[in-house]
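Have a look at the structure below before the remarks.
Protein chains: 2
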Amino acid sequence: MTEKIIIIGGVAGGSTAAARLRRLNEESNIIIFEKGEYISFANCGLPYYIGGTITDRDKLLVQNVKDMSLRYNLDIRIFSEVIKIDRQAKKVFVKNVQSGEIYEETYDKIILSPGARPVVPPIPGIDKAKTLFTLRNMEDTDRIKSFINKHLPRKAVVIGGGFIGLEMAENLHDQGIKVTVVEMSEQVMAPLDKEMAAIIHNHLQEKGIELILGDGVKSIENNGQSILTQKGNKMETDLILLSIGVRPENELALQAGLRTGKRGGIQVNQKLQTNDPSIFAIGDAIEVNDFTNKQPTMIPLAWPANRQGRLVADIINGKDVQYNGTLGTSIAKVFDYTVASTGNNEKILNRLGKPYEVIHIHPVSHAGYYPGAVPIALKLIFDKTSGTIYGAQAVGKDSVDKRIDVIATAIKGGLTVKDLPDLELAYAPPYSSAKDPVNMAGYVASNIMEGEVDTIQWHEIDRILADGGTLIDVRRPEEWENGHITGATSIPLDELRDRLDDLPKEETIYVNCQVGLRGYIAARILAENGFKVKNLDGGWKTYETALQ
Amino acid sequence: MTEKIIIIGGVAGGSTAAARLRRLNEESNIIIFEKGEYISFANCGLPYYIGGTITDRDKLLVQNVKDMSLRYNLDIRIFSEVIKIDRQAKKVFVKNVQSGEIYEETYDKIILSPGARPVVPPIPGIDKAKTLFTLRNMEDTDRIKSFINKHLPRKAVVIGGGFIGLEMAENLHDQGIKVTVVEMSEQVMAPLDKEMAAIIHNHLQEKGIELILGDGVKSIENNGQSILTQKGNKMETDLILLSIGVRPENELALQAGLRTGKRGGIQVNQKLQTNDPSIFAIGDAIEVNDFTNKQPTMIPLAWPANRQGRLVADIINGKDVQYNGTLGTSIAKVFDYTVASTGNNEKILNRLGKPYEVIHIHPVSHAGYYPGAVPIALKLIFDKTSGTIYGAQAVGKDSVDKRIDVIATAIKGGLTVKDLPDLELAYAPPYSSAKDPVNMAGYVASNIMEGEVDTIQWHEIDRILADGGTLIDVRRPEEWENGHITGATSIPLDELRDRLDDLPKEETIYVNCQVGLRGYIAARILAENGFKVKNLDGGWKTYETALQ
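Quick mapping for you: the protein sequence lines, in order, are chains A and B. The first sequence begins at 1 in the UniProt record's numbering and counts up by one. The second sequence begins at 1 in the UniProt record's numbering and counts up by one.
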């Protein structure tokens with residue numbers, strides 16, 4: 001019994017599904033319909049081809065139709081848009097977008113893998129902006145590349161400071177273009193919380209990117225040559241890159257009566273099955289469960305799409321597997337920095353009203369005495385009672401990916417923050433420290449769970465001082481001179497034991513140091529001597545960066 | 001009630017224990033006895049100071065006695081050797097190694113952290129070899145450095161191809177010295193299996209290191225200026241670095257009647273307690289349980305020492321924690337390569353008679369289309385029935401540490417090879433692929449567990465061919481031309497479906513490709529068409545490297 005499986009959309013998840021379907025079954029009749037010209041191209045590489053880091057366009061074409069058809073014995077039809085699914089008759093209507101011809105094809109199963117397209121809001125003037133681009137596919141890439149080559153733009157505005165926005169900002173900058181990023185919220189890179197994004201804000205400005213935060217585009221004028229923001233900023237530009245987010249390609253699903261979620265994502269069960277058991281859906285177009293908080297969400301990333309592509313083929317071939325939700329691990333290069341995160345951030349947990357505890361640490365990427373060690377800002381969010389890891393964020397110039405991957409693995413392994421010190425990670429001076437940053441994060445979080453230290457956050461201390469609280473800065477005098485929190489008192493750590501009599505026994509004393517470690521030692525000394533004390537988490541470094 | 005705690009040995013674990021003891025209790029009376037001049041120096045950095053990568057000697061001195069005493073309110077006594085423990089009287093005898101004076105000190109608890117010292121075998125002539133060094137501490141380092149500066153050696157022999165041996169080979173080479181490594185076994189880097197070590201053998205030779213394997217030193221002649229090996233190699237040398245292993249400093253423990261294991265390691269329970277409940281022991285001197293196989297072993301590494309130092313302080317302060325055994329995750333830089341491993345290798349499992357399954361993959365460090373992607377040789381060892389991960393080894397020029405850390409974390413999280421595809425790791429082109437190498441390893445291992453493919457290993461195929469077996473090489477003709485297994489037949493993968501009639505249905509067909517992936521596709525095509533088939537794991541690449 002030969003099953004006829006139609007895959008709608010031949011990029012990431014669709015291609016993966018097709019290859020796995022064939023490997024599991026030589027008999028299946030597998031047809032891929034792809035609206036565009038290309039299957040399985042390197043979406044995530046597109047900005048780097050525009051910027052010139054990737055020089056060979058062919059490298060972006062991971063699979064071509066001919067080779068893939070031959071190797072996996074597939075019927076791949078490009079320029080072929082499925083315009084309607086007839087679920088009763090179990091057939092689809094396919095339009096050849098070049099000839100306009102429409103024909104029917106029957107199916108036993110469908111895998112919907114249509115992806116998501118860039119959101120284009122109805123900003124006045126946007127329709128006349130000939131210099132405005134979005135970036136989704138090879139065609140967009142070619143358009144932008146040829147525009148740059150032909151018109152040699154000197155100024156560009158990137159609207160939206162997410163992954164694609166910042167990757168494009170860097171790559172346009174690499175092309176010698178002066179770039180302004182306009183972002184509606186108060187920070188770039190939504191997966192980060194604000195104080196972590198602040199590191200990137202500084203770095204973007206250091207690199208000569210103009211950053212306009214908390215402001216949206218009101219109108220685009222003069223055929224795209226000028227932009228007016230809601231707060232009255234006006235800027236001239238030769239090129240506009242619109243990257244404020246993506247929206248699931250759900251029209252076909254909606255037409256077929258398949259269920260979609262609040263934000264339009266096609267709803268599937270853990271078997272990646274829509275409400276029609278013959279129709280599966282994968283990739284950026286579907287709604288997934290957030291692995292951390294179990295709520296439905298949209299997480300359009302490459303890893304989930306590929307994972308789902310594999311699983312859907314396994315499921316169709318009768319394997320007992322399922323998709324367990326998306327953790328949302330993500331990463332981006334932003335000039336010299338790497339930004340990575342996994343799980344939930346504070347913004348998400350606050351929205352859900354879920355209590356949590358936070359720590360910030362500032363370890364170095366590898367042994368400090370070995371050349372090339374650079375700081376990593378690492379944030380861990382967890383439940384104080386159970387130790388459950390809710391999420392982590394890291395920003396730094398090296399080895400950031402490693403630490404987030406380790407924490408993402410710990411989360412999938414059901415490990416708590418108390419298990420992180422026990423992770424036996426590879427140590428030699430060029431790679432890490434005998435206590436890896438992830439071990440350290442575990443130690444710091446465990447200390448809080450075990451009641452060895454209480455902490456306050458960077459956004460709490462100013463109010464405490466305004467209310468008359470006592471803050472002791474335990475850094476060395478020369479560090480204090482280089483900047484300190486207004487209202488703090490300087491008592492270097494190594495003098496603390498001799499100055500206990502100067503401190504109030506009744507009220508809570510707050511302590512801070514540079515990154516939190518000496519503050520913790522000070523807090524222990526004070527607690528052991530009968531004082532009530534809280535340490536400023538992340539120290540001066542987190543405080544100063546966040547409030548810059 | 002003030003407890004008096006004596007720490008014997010002030011380097012890695014001892015220092016960590018002291019600091020944690022103080023943070024947990026301001027009252028404890030904590031004395032550190034250190035035989036040498038320095039506490040808490042950067043052992044792992046010593047070769048790099050000798051080689052000139054680390055230029056500032058002070059950077060190796062992580063903590064100095066004065067600062068550490070002050071900060072943690074410790075009584076640190078250097079040049080102080082504890083020469084006897086009187087367990088009945090609960091006192092120790094301490095010798096001031098400078099003055100020769102001996103005095104007593106009582107204790108409530110002892111933490112033994114004496115470390116391990118380089119093995120110096122009774123090779124004829126070794127006592128007269130003035131140019132022979134071992135490397136353990138600052139004093140050794142200073143001796144070697146000053147010898148090099150004074151005598152400008154042109155040739156050096158490193159005896160022993162383990163971590164320190166190869167790190168020293170590289171660092172001596174960096175000093176312009178022509179280096180020969182003599183190693184008794186057939187491979188360097190014991191944590192690796194032979195075919196993985198072979199990559200490093202090639203690289204060392206590429207770098208101009210002379211490598212003598214499977215040969216030991218028979219005698220040292222002419223005051224160390226010439227070495228004769230057991231196989232009759234004779235070489236002249238200006239410097240000898242002896243690094244064949246370490247031996248626990250167990251004399252004090254033995255004198256005190258503390259139990260030691262087969263290889264001399266001080267035996268402790270999971271609370272790091274010796275058979276005397278007042279005496280704890282940590283670090284390189286103790287016997288630990290292998291986390292993977294639960295057998296007692298010796299794993300002298302920095303991570304366990306530091307972890308144990310922390311835990312012993314927690315345990316002494318009444319916390320309900322324990323040491324869970326050592327996984328043995330280790331890593332070394334060997335010129336341009338990184339070598340890392342975790343858990344058990346084939347050699348250990350064979351010794352224990354434990355059945356296992358092996359896979360080799362050769363992914364690239366990050367997306368192939370993004371500049372700088374380099375191959376990683378990744379080996380995973382697991383149980384075919386349960387999927388339990390026994391160990392992993394990786395060798396490559398980039399991101400090797402990350403993959404081993406992720407697998408080490410998966411092991412600690414109790415994940416099986418079937419969970420590895422589900423690890424949601426951070427992907428953007430500069431960092432990984434949408435299917436990370438660890439995901440890929442999980443897919444390949446799962447395929448074997450699920451019976452989708454059978455494999456054979458690099459060391460099995462020659463015998464199979466000699467016995468008349470059929471091996472199909474499915475690579476492209478130009479790959480075949482560049483080298484192939486003698487006795488194989490070339491059928492490019494994309495022609496396979498058309499050539500099924502040429503193949504025997506009765507016997508098992510073996511297939512190979514470059515790295516194993518196309519071989520797997522071929523195996524699936526053949527299996528689905530009713531053939532018995534096995535794929536050569538790791539492909540031509542593993543085979544060729546191993547047998548070079």
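By construction, the Cβ of each residue, glycine as well, lies at the ideal position given by its N, Cα and C atoms.
List, in chain order, every chain A residue whose beta-carbon is nearer than 9 Å to that of I404/B.
On the second sequence, position 404 is the one that residue 404/B refers to. Chain A residues near I404/B: L425, A426.
Does N43/A come out as helix, strand or coil in the three-state DSSP assignment?
By one-based count along the first sequence, residue 43/A stands at place 43. Of the three classes helix, strand and coil, the one that applies to N43/A here is helix, per DSSP.
Note down the Cα distance separating G343/B from A445/A, rounded to an integer number of angstroms.
As a first step, residue 343/B must be located in the second sequence, where it is residue number 343. As a first step, residue 445/A must be located in the first sequence, where it is residue number 445. Roughly 27 Å separates the two Cα atoms.
Should H201/B go down as buried or exposed, given a rule of 16 or more other Cβ atoms within 10 Å for buried?
Here residue 201/B corresponds to residue number 201 of the second sequence, with the count starting at 1. Classification of H201/B: buried, given that the 10 Å Cβ count is 16 or more.
Taking P296/A and N289/A to be in contact with their CB atoms under 8 Å, please state how far apart those CB atoms are, rounded to whole angstroms.
In the first sequence, residue 296/A corresponds to position 296, counting from 1. In the first sequence, residue 289/A corresponds to position 289, counting from 1. About 6 Å separates the two Cβ atoms, so the contact holds.
At a Cβ cut of 8 Å, what residues of the stretch 363 to 381 of chain A count as close to chain B, listed as they run along the chain?
Those residues of the stretch 363 to 381 of chain A that come within reach of chain B (Cβ to Cβ, closer than 8 Å) are A367, G368, Y369, Y370, P371.
Considering E452/B, what are the terminal residues of the alpha helix (DSSP H) in which it resides?
As a first step, residue 452/B is located in the second sequence; it is residue number 452 there, counting from the start. Neither: E452/B is in no alpha helix (DSSP H) and is coded neither H nor E.
According to the Cβ coordinates, are I244/A and M196/A closer than 9 Å?
As a first step, residue 244/A must be located in the first sequence, where it is residue number 244. As a first step, residue 196/A must be located in the first sequence, where it is residue number 196. It is not a contact, given that the beta carbons lie outside the stated cut-off.
Does L21/A come within less than 9 Å of chain B when only Cβ atoms are used?
Looking up residue 21/A in the first sequence gives position 21. Chain B contact via Cβ: absent.
Output, in sequence order along the chain, the residues in the stretch 330 to 351 of chain B whose CB is closer than 9 Å to any CB in chain A.
Within the stretch 330 to 351 of chain B, the residues whose Cβ lies closer than 9 Å to some Cβ of chain A are S330, I331, A332, K333, T338, A340, S341, T342, listed in chain order.
Which chain B residues sit within Cβ distance under 7 Å of L70/A?
Start at 1 with the first residue of the first sequence, and residue 70/A comes out as number 70. Chain B residues near L70/A: D494.
Is there a C-beta anywhere in chain B that falls below 9 Å from the one on W480/A?
Translated into the one-based positions of the first sequence, residue 480/A becomes position 480. So, not an interface residue.
Is L493/A near R71/B, with beta carbons less than 9 Å apart?
The count along the first sequence starts at 1 and reaches residue 493/A at position 493. The count along the second sequence starts at 1 and reaches residue 71/B at position 71. Yes. Within cutoff.
Identify which residue in K418/A, E424/A, G283/A has its Cα closest to the Cα of G325/B.
The sequence position of residue 325/B within the second sequence is 325, counting from 1. Checking every option, the nearest Cα to that of G325/B belongs to E424/A.
How about F280/A and K109/A: are their beta carbons less than 9 Å apart?
One-based indexing of the first sequence puts residue 280/A at position 280. One-based indexing of the first sequence puts residue 109/A at position 109. Taking 9 Å as the Cβ cut-off, F280/A and K109/A qualify as a contacting pair.
So if I threshold CB-CB distances at 7 Å, which residues from the stretch 502 to 524 of chain B count as touching chain A?
So the list reads I521, R524, given in the order they occur along the chain.
Does the beta carbon of F133/A come closer than 9 Å to any beta carbon on chain B?
On the first sequence, position 133 is the one that residue 133/A refers to. Not one chain B Cβ lies under 9 Å of F133/A.
Is Y38/B close to chain A, meaning its C-beta is less than 9 Å from at least one C-beta of that chain?
Translated into positions along the second sequence, residue 38/B becomes position 38. It does not: the Cβ of Y38/B has no partner Cβ on chain A nearer than 9 Å.
Y520/B lies in the alpha helix (DSSP H); which residues open and close that run?
Taking the second sequence and counting its residues from 1, the one referred to as residue 520/B is at position 520. Run containing Y520/B: 517 to 528, per the alpha helix (DSSP H) assignment.
Grouping DSSP H, G and I as helix and E and B as strand, with all else coil, what is A428/B?
Start at 1 with the first residue of the second sequence, and residue 428/B comes out as number 428. DSSP places A428/B in coil when its eight states are reduced to three.
Thinking just about the alpha-carbon of each residue, which of S226/B, Y337/B, D383/B, Q267/B is nearest to the one in Y293/B?
Along the second sequence, read from residue 1 onward, the residue named residue 293/B stands at position 293. Sequence inspection shows Asn at residue 293/B; the Tyr mentioned does not correspond to that position. Among S226/B, Y337/B, D383/B, Q267/B, the Cα nearest to that of N293/B is on D383/B.
Check whether the Cβ atoms of L172/A and L242/A lie closer than 9 Å to each other.
Counting from 1 along the first sequence, the entry for residue 172/A is found at position 172. Counting from 1 along the first sequence, the entry for residue 242/A is found at position 242. No. Outside cutoff.
Using 9 Å as the threshold, is the C-beta distance between W480/A and L547/A below it?
Position 480 of the first sequence holds residue 480/A. Position 547 of the first sequence holds residue 547/A. Not a contact, by the Cβ cut-off of 9 Å.
Give the residues from the stretch 52 to 70 of chain B that approach chain A closer than 7 Å (Cβ to any Cβ), ordered along the chain.
Cβ contacts with chain A: T53, I54, K59, L60, L70.
What does D419/B touch in chain A if you count any residue whose Cβ is under 8 Å from its own?
Position 419 of the second sequence holds residue 419/B. Within chain A, the residues near D419/B are K412, G413.
Which chain B residues sit within Cβ distance under 7 Å of P429/A?
As a position in the first sequence, residue 429/A is number 429, starting the count at 1. Here the neighbours are C44, G45, Y48.
Identify whether P437/B lies in helix, strand or coil by the three-state DSSP scheme.
Counted from its first residue, the second sequence places residue 437/B at position 437. Three-state result, P437/B: helix.
Can you give me the C-alpha to C-alpha distance between P363/A and N317/B, rounded to a whole angstrom?
In the first sequence, residue 363/A corresponds to position 363, counting from 1. In the second sequence, residue 317/B corresponds to position 317, counting from 1. Their Cα atoms are separated by approximately 27 Å.
Tell me the residue span of the beta strand (DSSP E) that contains T180/A.
The residue you call residue 180/A lines up with position 180 of the first sequence. Run containing T180/A: 178 to 183, per the beta strand (DSSP E) assignment.
When you compare each of K532/B, A434/B, R475/B to G13/A by their alpha carbons, which one comes out closest?
Here residue 13/A refers to the residue found at position 13 when the first sequence is read from its first residue. Nearest option by C-alpha distance: A434/B.
L415/A and Y390/A - do their beta-carbons sit closer together than 9 Å?
Numbered from its first residue, the first sequence carries residue 390/A at position 390. Numbered from its first residue, the first sequence carries residue 415/A at position 415. No.
For chain E, find out if any of its Cβ atoms is closer than 9 Å to the Cβ of G318/A; answer yes or no.
As a matter of chain content, chain E is missing from the structure shown, whose protein chains are A and B.
Measure from the alpha carbon of I50/A to the alpha carbon of each residue in N529/A, I509/A, T141/A, N250/A, then state which is nearest.
Here the question's residue 50/A lines up with position 50 in the first sequence. It is T141/A.
I'd like to confirm the pairing. Which residues does DSSP put opposite A339/A in its beta bridges?
As a first step, residue 339/A must be located in the first sequence, where it is residue number 339. Going by the sequence as given, residue 339/A is Val instead of Ala. DSSP output for V339/A lists A332/A, V395/A as bridge partner(s).
Count the other C-beta atoms from every protein chain shown that fall within 10 angstroms of the C-beta of L239/B, then say buried if there are 16 or more, exposed otherwise.
By one-based count along the second sequence, residue 239/B stands at place 239. Buried, since its Cβ has 16 or more Cβ neighbours within 10 Å.
Which of the residues in the stretch 433 to 465 of chain A, read from start to end, lie with their CB under 7 Å from any CB of chain B?
Cβ contacts with chain B come from A434, K435.
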